[in-house]
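Trainee: The C-terminal position of the sequence shown is numbered 317 in the numbering used here, with every residue numbered one higher than the one before it.
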Amino acid sequence: MIEVKHLTKRYGDHTAVSDLSFTMERGRIYGFLGPNGAGKSTTMNILTGCLSATSGEVTIDGHDIFEDARAAKKLIGYLPEIPPLYPDRTPREYLNFVAECKDVPGNQRAEQIRRVMEQTAVTEVADRLIRNLSKGYRQRLGIAQALLGDPEIVILDEPTVGLDPRQIMEIRELIKGLGRDHTVILSSHILSEVQAVCERVLIISGGKLVACEETADLERHFAGKAALELTVEAGKADVGPVLDALEGVESFSVEENGNYVNLKLETDREPDDMCRDLFWAFSDAGKPILRLTTTRASLEEIFLELTREEKEENAQ
Numbered sequence: 002m003i004e005v006k007h008l009t010k011r012y013g014d015h016t017a018v019s020d021l022s023f024t025m026e027r028g029r030i031y032g033f034l035g036p037n038g039a040g041k042s043t044t045m046n047i048l049t050g051c052l053s054a055t056s057g058e059v060t061i062d063g064h065d066i067f068e069d070a071r072a073a074k075k076l077i078g079y080l081p082e083i084p085p086l087y088p089d090r091t092p093r094e095y096l097n098f099v100a101e102c103k104d105v106p107g108n109q110r111a112e113q114i115r116r117v118m119e120q121t122a123v124t125e126v127a128d129r130l131i132r133n134l135s136k137g138y139r140q141r142l143g144i145a146q147a148l149l150g151d152p153e154i155v156i157l158d159e160p161t162v163g164l165d166p167r168q169i170m171e172i173r174e175l176i177k178g179l180g181r182d183h184t185v186i187l188s189s190h191i192l193s194e195v196q197a198v199c200e201r202v203l204i205i206s207g208g209k210l211v212a213c214e215e216t217a218d219l220e221r222h223f224a225g226k227a228a229l230e231l232t233v234e235a236g237k238a239d240v241g242p243v244l245d246a247l248e249g250v251e252s253f254s255v256e257e258n259g260n261y262v263n264l265k266l267e268t269d270r271e272p273d274d275m276c277r278d279l280f281w282a283f284s285d286a287g288k289p290i291l292r293l294t295t296t297r298a299s300l301e302e303i304f305l306e307l308t309r310e311e312k313e314e315n316a317q
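1) What is the DSSP secondary structure of ASP158, reduced to helix, strand or coil?
2) Count the other CB atoms, across all protein chains shown, that sit within 10 Å of the CB of GLY63; report buried if there are 16 or more and exposed otherwise.
3) Who does SER42 pair with in a DSSP beta bridge?
4) Can you name, in chain order, every residue of its own chain whose Cβ lies under 6 angstroms from the Cβ of ALA286, other than the five neighbours on each side?
5) Go to ILE205, then tell me how far its beta strand (DSSP E) extends in each direction, as first and last residue.
6) In the DSSP output, which residue or residues are listed as bridge partners for ARG292?
7) What does a CB cutoff of less than 6 angstroms around SER56 pick up in its chain, not counting 5 residues either side in sequence?
8) Which residues in the same chain have their Cβ closer than 6 angstroms to the Cβ of ASN263, if we skip the five residues on either side of it in sequence?
9) Would you decide whether SER193 is buried or exposed? Buried here means 16 or more other CB atoms lie within 10 Å of its CB.
10) Is it buried or exposed for PRO106, if we count other Cβ within 10 angstroms and need 16 for buried?
11) Within its chain, find whatever has a CB closer than 8 angstroms to the CB of LYS177; leave out the 5 residues flanking it on each side and keep chain order.
12) Out of ALA127, LEU293, THR295 and THR184, which has the shortest C-alpha to C-alpha gap to VAL88?
13) Would you mind listing the alpha helix (DSSP H) stretches within the segment 112 to 153 that are 4+ residues and don't spill past its ends, in chain order?
14) Are the CB atoms of LEU266 and LEU219 nearer to each other than 7 angstroms?
15) What residues in its chain sit with their C-beta under 8 angstroms from that of GLU26, if we drop five residues either side in the sequence?
16) Under a Cβ-count criterion, where at least 16 other Cβ atoms within 10 Å of its own Cβ denotes burial, should ALA17 be classed as buried or exposed?
17) With ASP20 as the anchor, note down where its beta strand (DSSP E) starts and where it stops.
18) Just reading off the alpha helix (DSSP H) that LEU279 is part of, what are its end residues?
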């Protein structure tokens, strides 16, 4: 659906995007991440045809974004970080204007406007002035204009910035729904949002692609060993023999606290399997586990690790 090959963008001596290559398949939700100044916004502006490239290729469903821009852009709906709204118009007037700009046929315009307003739940404010709408409704209206023209690809840049928790949850559910009929590219600094919504994650740092994986695979791949923390009703001397008999304990540390020990261990086994074996091992030893938690590296930690590695490489 989207194919990017060796994309490079330079501003004088500064390289904003360097030899970027990736593909995006039809009907999936992608998270596009990068720290400030990483080249993320530059890449998105090139994908939407708003910015030229120094070199490389971008094709949208076989249409070159530079050579066949009109056909390629018809396949894309775009919501910038700041929605391009006109405060002195109503949502209905504004959407009619956008539909005109997108060459939506006159006999289809009213139906398309009705449909996108229903889809984004702005129908009840359709005839109020945009200046009087809440931030949440303005974001929904921005998404509605992106959906006009039935684009196959919807690109959303920071769609939940400035929203309250309830509005964020509503927009996330809307994005999930869009993923059933569109290829969705979601740019966000809220990494928990990417985990909740996206199926695949692309991370860019220093203008280079440092990761492109399924969200779950990325977490598994970079999380490495699982960490487990236990509180056991036992003495420090009781712990070693129990753990020595278990398979998959990479390392552990013990802190004694009165009649209890706080235990931290790392394992390369699946956490659920290890938890089960720990339960039976300490149970057989007559030492009850009072607390047991497991942790893996979060997407935030993976993001920081990948972008830090890229900065260190560039500094060498």
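The C-beta atom is built at its ideal place from N, Cα and C for all residues, glycine as well.
Mentor: Straight from the coordinates:
1) strand
2) exposed
3) Beta-bridge pairing links SER42 to no other residue.
4) VAL243
5) 201 to 206
6) THR232
7) THR9
8) The answer, listed in chain order, is THR232 and GLU256.
9) exposed
10) Answer is exposed; the Cβ neighbour count stays below 16.
11) Within the same chain, LYS177 has close Cβ partners ILE30 and VAL198.
12) The question names Val, yet the displayed sequence has Pro at residue 88. Closest option to PRO88, Cα to Cα, is ALA127.
13) 136 to 148
14) no
15) Within the same chain, GLU26 has close Cβ partners MET2 and THR184.
16) buried
17) 15 to 25
18) 272 to 285
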